[in-house]
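Undergrad:
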Amino acid sequence: MGVSEKDIEEGLYRGDTVMLSLTTNPRAKMMAVSDGFVKVFARKHSGTVIGGVVVGPRASELIFPISLAVEKKLTVDDLAETFTVYPSLSGSVSEAARKLHTRG
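Next comes the structure, spelled out in structure tokens:
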């Protein structure tokens, strides 16, 4: 959704990427999820979310906060500060955004 990782790798966009395995997510552990991931892409320096990928259970629901962030030009800080129920798969989106913040 949005800018692809390939676009960043090829230099079409200056951005940072982070991938977070769903196997680290508490809800995923309860569901016995053995694979899957969340990737978030953000512009260097500003942290504006420009894209992302979700692979795993409920991916079509998990991509929504990333889609909204891209459409509304939210930053990784905005996404990281979003309230998520614990434990939930959607917590992985916020956690990935927090990891991008620490790179800033």
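One rule links them: number in the numbering used here = place in the sequence shown (from 1) + 1183.
Cβ atoms here follow ideal geometry from the backbone N, Cα and C, with glycine treated the same way.
Below 8 Å CB to CB, which residues in the same chain sit around serine 1217 once its five sequence neighbours on both sides are set aside?
TA: Position 34 of the sequence shown, counted from the start, is the residue given in the question as residue 1217. Counting only Cβ-Cβ distances below 8 Å, and skipping sequence neighbours, we find Thr1206.
Undergrad: Start and end of the beta strand (DSSP E) containing aspartate 1199?
TA: Indexing the sequence shown from 1 puts residue 1199 at position 16. Element bounds for aspartate 1199: 1198-1204.
Undergrad: Out of Glu1193, Gly1234 and Arg1210, which has the shortest C-alpha to C-alpha gap to valine 1201?
TA: As a working note, residue 1201 is residue 18 in the sequence shown. Taking each of Glu1193, Gly1234 and Arg1210 in turn and checking the Cα distance to valine 1201, the smallest one comes out for Gly1234.
Undergrad: Take the Cβ of valine 1268 as the centre, count every other Cβ of all protein chains shown within 10 Å, and call the residue buried at 16 or more, exposed below.
TA: On the sequence shown, position 85 is the one that residue 1268 refers to. It is exposed - the Cβ of valine 1268 has fewer than 16 other Cβ atoms within 10 Å.
Undergrad: Taking only three categories from DSSP, how would you classify glycine 1274?
TA: As a position in the sequence shown, residue 1274 is number 91, starting the count at 1. Here glycine 1274 sits in helix by DSSP.
Undergrad: Tell me, to the nearest whole angstrom, how far the beta carbon of leucine 1283 is from that of asparagine 1208; I am working on the premise that it is less than 8 Å.
TA: Here residue 1283 refers to the residue found at position 100 of the sequence shown. Here residue 1208 refers to the residue found at position 25 of the sequence shown. Their Cβ separation, rounded to whole angstroms, is 17 Å, which puts leucine 1283 and asparagine 1208 out of contact at 8 Å.
Undergrad: Between the C-alpha atoms of alanine 1211 and serine 1204, what's the straight-line distance to the nearest angstrom?
TA: Position 28 of the sequence shown holds residue 1211. Position 21 of the sequence shown holds residue 1204. One C-alpha to the other measures close to 10 Å.
Undergrad: Could you name the residues that DSSP lists as bridge partners for valine 1186?
TA: Taking the first residue of the sequence shown as 1, we reach residue 1186 at position 3. Bridge partners of valine 1186: none, in fact.
Undergrad: Go through its chain and collect everything with a Cβ distance to serine 1277's Cβ below 7 Å, but skip five positions before and after it.
TA: As a position in the sequence shown, residue 1277 is number 94, starting the count at 1. Once the five neighbours on either side are set aside, the close Cβ partners of serine 1277 are Leu1262, Ala1263, Thr1265 and Thr1267.
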